Structure formats: C-alpha cells, structure tokens
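Let me begin by presenting the structure, written as structure tokens, before commenting on it.
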Amino acid sequence: MSNTPESGEPYQDPSPERMRAALGGFATGVAVVTCGEIGRNACAVTINSFTSLSLDPPLILFCLDKSAFHLDRFLKAGHFAVNILSDAQIELSNRFAQEAEDGLEGVTTGTLSTGCPVFPEALTALDCRQERVLEAGDHHILIGRVVAIRPLVAADPLVFFRGRYAAITR
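For the sequence shown, position 4 (counting from the first letter as 1) is numbered 29 according to this note's numbering, and the numbering increases by one without interruption.
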C-alpha cells in the first residue's frame, strides 16, 4: 500500500497547522453571533463555523473555541442571534473577531423576539433559543432553535477563504 495519493504527493499527518491550511480552502460565510440584551450585558463574536442543522424543526449550529473570550456568556445566555454579514460589514467582522469587553457600544442594533442584538444591515438575522451544547475537541457546539428570522436584504455575502476576505464574482 502506497503512502501517496494518485497525485504523487505524500500524505501528511493532520497537525493543527495543516488542518487550518486545508480547511482554509473551504470558502465560508461570515457571521456575528450575539447574546445578552442591548445596553446591558450584550456581547458578540465573529464566527465562520455556522450551518443549518434541520429545517423541521428549524435548528442551526455554530462552534466556539473553548478559549473564546465570551464563551461563558454564550453558554449561560439561553438565547443568541446569528447575524449573517454582507460584504459591506468587514469592519464589524474584524471588530468582533477581537477579544473585547466593550460589548456593542457604538453599533446600530435592533432586536427580534428574544432581545438579542441584531444588525439591520446584515443579510439576515436568526433569533435562536439555545437547544443543546455539545463538547467536541477544542470547541463547544451550540445548537439553537430558530424562533424568528429577519428577512433577507439585497446585498452580497461576506466570504472568508484561505485566511482572508474574498468577493463572490458572478
């Protein structure tokens, strides 16, 4: 049995660095997940590990690193909102990719049904009740039941590919 695929390149062990490089080849959308209440204990974090889990019941999931700055707040919140970002929201993505205590100060937000902050300029927002949390490797998987959806706005999505933002060309 050969240790090389048909391309002739040797197989490599899946180190964290190689995993990051390989998975960077999978283009993802970018979202900011929020929890808490506007003006009180709201917090936000940028994610790209987000997916639909089920249409009936309406379930989504996202993953947070066990060392994430706001992890405890998300685990205890009971509700969260997923804001799927447009390509005009790189600044928001960068802001909430950093560890910071300033919450959502200076950011225009609204709410849907749970009171979690949503961004009016996001492509859409999903308001969720936390259904379940699973531990897997170095992350927590947060599963949410969607209880409200803000309609889509006409804009292009913010995409992340190979460690940087990318544009969708049509």
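Here a beta-carbon is modelled for each residue, glycine too, at the ideal position from N, C-alpha and C.
Every value quoted in this text rests on a predicted model; they were computed, and no experiment measured them.
- Between phenylalanine 144 and the set Phe186, Asp38 and Phe105, the nearest pair of CA atoms involves Phe105.
- Here leucine 151 is buried. Its C-beta has 16 or more other C-beta atoms within 10 Å.
- Boundaries of the beta strand (DSSP E) harbouring isoleucine 109: 104-109, taken from the DSSP string.
- Here the alpha carbons of alanine 46 and glycine 135 stand approximately 36 Å from one another.
- In this structure the segment 85-104 touches the segment 159-178; the number of beta carbon pairs closer than 8 Å is three or more.
- Closest option to glycine 131, judged by alpha-carbon separation, among Ala67, Thr71 and Cys153: Ala67.
- Cα atoms of isoleucine 109 and valine 55: separation of roughly 6 Å, rounded to the nearest angstrom.
- Residue environment for arginine 187: exposed (fewer than 16 other C-beta atoms within 10 angstroms of its C-beta).
- In this structure, leucine 148 and serine 111 form a Cβ contact; the two beta carbons are roughly 5 Å apart against a cut-off of 8 Å.
- Inter-residue distance for threonine 59 and methionine 44 is about 27 Å (C-alpha atoms, whole angstroms).
- Beta-bridge annotation (DSSP): leucine 86 is paired with Thr76 and Ile168.
- When DSSP reads this structure, aspartate 152 sits in a beta bridge with Ala106 and Ala173.
- Sequence-distant Cβ neighbours of glutamate 116 in its own chain, meaning closer than 6 Å and more than five residues away, do not exist here.
- Looking only at Phe185, Ala179, Arg98 and Ala125, the smallest Cα-Cα distance to threonine 53 is reached by Phe185.
- Counting along the chain, phenylalanine 186 sits inside no alpha helix (DSSP H); it lies in the beta strand (DSSP E) bounded by residues 184-186.
- Between phenylalanine 75 and glutamate 124, the CB-CB gap reaches or exceeds 7 Å.
- A direct Cα-Cα distance of roughly 11 Å separates threonine 133 from glycine 64.
- Membership of alanine 46 in the alpha helix (DSSP H) is indicated by the continuous run 41-48.
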